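**Q** Attaching a single structure in structure tokens format; questions to follow.
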């Protein structure tokens with residue numbers, strides 16, 4: 001039995017707390033810095049996935065022109081999405097990648 005059922009606690013998802021563009025931008029900026037410092041691109045991809053869930057995958061699919069299944073595949077843990085896909089997602093989230101690492 002998992003803790004959610006045993007103790008009645010709810011699972012916690014950061015995506016539920018990224019409710020504004022400003023919070024998403026700040027979160028992705030910190031994730032990009034950590035990803036660069038640790039030489040670990042998956043940190044940023046995982047953060048992008050969280051931000052995408054906060055935005056809504058259906059909304060993101062419409063904004064990027066990519067299908068939802070493709071977005072889920074591109075953003076799943078351990079994936080290595082094409083840079084063009086990352087740019088489309090960042091643009092849809094109104095995130096300026098050039099200013100994030102600065």
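Numbering (UniProt numbering), first residue to last: 1 to 102.
C-beta atoms are modelled at their ideal positions from N, C-alpha and C, and glycine is treated no differently.
Note that the structure is predicted; figures quoted are calculated from it, not measured.
For residue 90, collect the residues of the same chain with a Cβ closer than 7 Å to its Cβ; drop the 5 residues on either side in sequence, then sort them by chain order.
**A** 97
**Q** Excluding the 5 residues flanking residue 61 on each side, which residues of the same chain have their C-beta closer than 7 Å to its C-beta?
**A** 67, 68 and 71
**Q** According to the neighbour-count rule (16 or more other Cβ atoms, all chains shown, within 10 Å of its Cβ), is residue 6 buried or exposed?
**A** exposed
**Q** For residue 16, which of 87, 56, 34 and 80 has the nearest alpha-carbon?
**A** 56
**Q** Measure the beta-carbon distance from residue 50 to residue 23 and round it to whole angstroms, keeping in mind my assumption that it falls under 8 Å.
**A** Not quite, the Cβ-Cβ distance comes to about 11 Å (not below 8 Å), so this is no contact.
**Q** Of all the options 47, 85, 48 and 46, which has the alpha carbon lying nearest to the alpha carbon of residue 64?
**A** 85
**Q** Pop quiz: residue 35 and residue 78 are said to be a contact at Cβ under 8 Å. What is the actual Cβ separation, rounded to whole angstroms?
**A** Approximately 14 Å separates the beta-carbon atoms of residue 35 and residue 78; this is outside 8 Å, ruling out the contact.
**Q** Beta-carbon within less than 6 Å of residue 44's beta-carbon, same chain only, minus the 5 sequence neighbours each way: which residues are those?
**A** 31, 32 and 35
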